[in-house]
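Undergrad:
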Amino acid sequence: MKCLVVSDSHGRSDLVNKLIDQYHSEVDVMIHCGDIEDYAENFPEMMVVAGNNDIFYDLPDSLIVPFGKHRILVAHGHQFAYMRRVEKLAEAARKNNCDIVCFGHTHVADIQTIHGVLVVNPGSLWRSRDGRGPSYALIEDNGKALEAKHIFL
Numbered sequence: 042m043k044c045l046v047v048s049d050s051h052g053r054s055d056l057v058n059k060l061i062d063q064y065h066s067e068v069d070v071m072i073h074c075g076d077i078e079d080y081a082e083n084f085p086e087m088m089v090v091a092g093n094n095d096i097f098y099d100l101p102d103s104l105i106v107p108f109g110k111h112r113i114l115v116a117h118g119h120q121f122a123y124m125r126r127v128e129k130l131a132e133a134a135r136k137n138n139c140d141i142v143c144f145g146h147t148h149v150a151d152i153q154t155i156h157g158v159l160v161v162n163p164g165s166l167w168r169s170r171d172g173r174g175p176s177y178a179l180i181e182d183n184g185k186a187l188e189a190k191h192i193f194l
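The sequence shown runs 42 to 194 under the numbering used here.
(1) Just tell me which of V161, G157, G145 and I180 has its CA closest to the CA of G75.
(2) Within the same chain, show all residues whose beta-carbon is closer than 8 Å to that of N58, passing over the 5 residues directly before and after it, in chain order.
(3) In angstroms with no decimal places, state the Cα-to-Cα distance between N162 and A91.
(4) Does DSSP put E128 in a helix, in a strand, or in coil?
(5) Where do the N-terminal and C-terminal ends of the alpha helix (DSSP H) with K185 fall, by residue?
(6) Could you please give the first and the last residue of the uninterrupted alpha helix (DSSP H) stretch that includes L100?
(7) Whole angstroms is fine: what's the gap from H65's alpha carbon to V149's?
(8) Using 10 angstroms around the beta-carbon of P107, count the other beta-carbons present and answer buried if the total reaches 16, otherwise exposed.
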């Protein structure tokens with residue numbers, strides 16, 4: 042199984058649609074971690090949560106998305122305090138019986154494992170804050186292990 046994870050597109054629906062077109066036949070799940078700044082109805086293929094800039098859109102703060110034998114907690118991340126944000130997201134995932142958490146908000150791509158939880162920040166599809174450029178992530182369950190990677194544009 043494969044999952045496409047994007048975040049922080051900030052109204053750039055052209056970028057989101059390009060990835061949907063590119064991956065629609067390759068992935069089983071498509072996730073947007075917030076700050077889409079567009080109507081989720083325009084992206085019916087994607088599971089979308091609210092970011093701090095999505096105040097005018099009716100989006101959930103978080104979602105739990107089934108992914109084969111795994112469960113993914115999806116949140117934007119701004120709801121969690123800056124200090125220890127990643128650890129708190131991993132803890133929230135564990136409390137919700139999820140072994141993967143996807144979040145955005147920081148515009149910095151990151152993948153790590155904390156207490157058995159795969160923590161994925163795809164970075165920003167629009168603009169990064171660390172100089173590496175816009176990015177997204179792919180998660181794959183090959184039946185033996187979970188693997189996550191970034192693709193930089």
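Positions of the beta carbon are idealized from the N, C-alpha and C atoms, including for glycine.
TA: Reading from the atomic positions:
(1) Within the sequence shown, numbered from 1, the residue matching residue 75 stands at position 34. Looking at the Cα atoms, G145 is the closest of the given residues.
(2) Counting from 1 along the sequence shown, the entry for residue 58 is found at position 17. If we look at N58 and ignore the five residues flanking it on each side, its Cβ neighbours are F84.
(3) For the purposes of this step, residue 162 is identified with residue 121 of the sequence shown, where counting begins at 1. For the purposes of this step, residue 91 is identified with residue 50 of the sequence shown, where counting begins at 1. Cα-Cα distance, rounded: 15 Å.
(4) Translated into the one-based positions of the sequence shown, residue 128 becomes position 87. Helix.
(5) Sequence index remark: in the sequence shown, residue 185 carries index 144 (1-based). Run containing K185: none; DSSP gives neither H nor E here.
(6) The count along the sequence shown starts at 1 and reaches residue 100 at position 59. Where L100 is concerned, there is no enclosing alpha helix (DSSP H), given that its DSSP letter is neither H nor E.
(7) The residue you call residue 65 lines up with position 24 of the sequence shown. The residue you call residue 149 lines up with position 108 of the sequence shown. About 25 Å.
(8) Counting from 1 along the sequence shown, the entry for residue 107 is found at position 66. The residue is exposed, with fewer than 16 neighbouring Cβ atoms inside 10 Å.
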